[in-house]
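**Student:** This is the structure I want to talk about, given as C-alpha cells.
In this note's numbering, the protein residues as written are -5 to 81.
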C-alpha cells in the first residue's frame, strides 16, 4: 500500500499516505498498547465464549448415522438417531 506514495497523482499519493499511516498506527500503537490493556481490564470477560455451548444449554451436537455409502464414498441416506433433533 505504501507504493501508492510514489504515484504522480496527488489524490492517489494522499490515499497511500493515509493507508500507510493507518497501518503504522494499528501495528505500533493499537496492537502494542491498546489491545493488551483491554485484555487486562476485561479480565475473564475478554475470552468469549468461556464456557462451551454444550455445558450452557445442556445438549450436544446430534450424532448422524449413515445407512449406506455409495461406491464413490458419498453418503446416500442419512438418518438421525431417535430422540435427537436437527436444530
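Ideal Cβ positions, reconstructed from N, Cα and C, are used throughout, including at glycine.
Can you tell me whether residue 3 is helix, strand or coil according to DSSP?
**Tutor:** As a working note, residue 3 is residue 9 in the chain shown. Residue 3 falls in the coil class under three-state DSSP.
**Student:** Can you tell me the Cα-Cα spacing of residue 11 and residue 21, whole angstroms?
**Tutor:** Taking the first residue of the chain shown as position 1, residue 11 is located at position 17. Taking the first residue of the chain shown as position 1, residue 21 is located at position 27. Approximately 15 Å between the Cα atoms of the pair.
**Student:** Between residue 39 and residue 26, what straight-line distance do the alpha-carbon atoms span, to the nearest angstrom?
**Tutor:** Along the chain shown, read from residue 1 onward, the residue named residue 39 stands at position 45. Along the chain shown, read from residue 1 onward, the residue named residue 26 stands at position 32. Straight-line Cα distance between these residues: approximately 20 Å.
**Student:** For residue 39, which three-state DSSP category applies?
**Tutor:** Taking the chain shown and counting its residues from 1, the one referred to as residue 39 is at position 45. Helix at residue 39.
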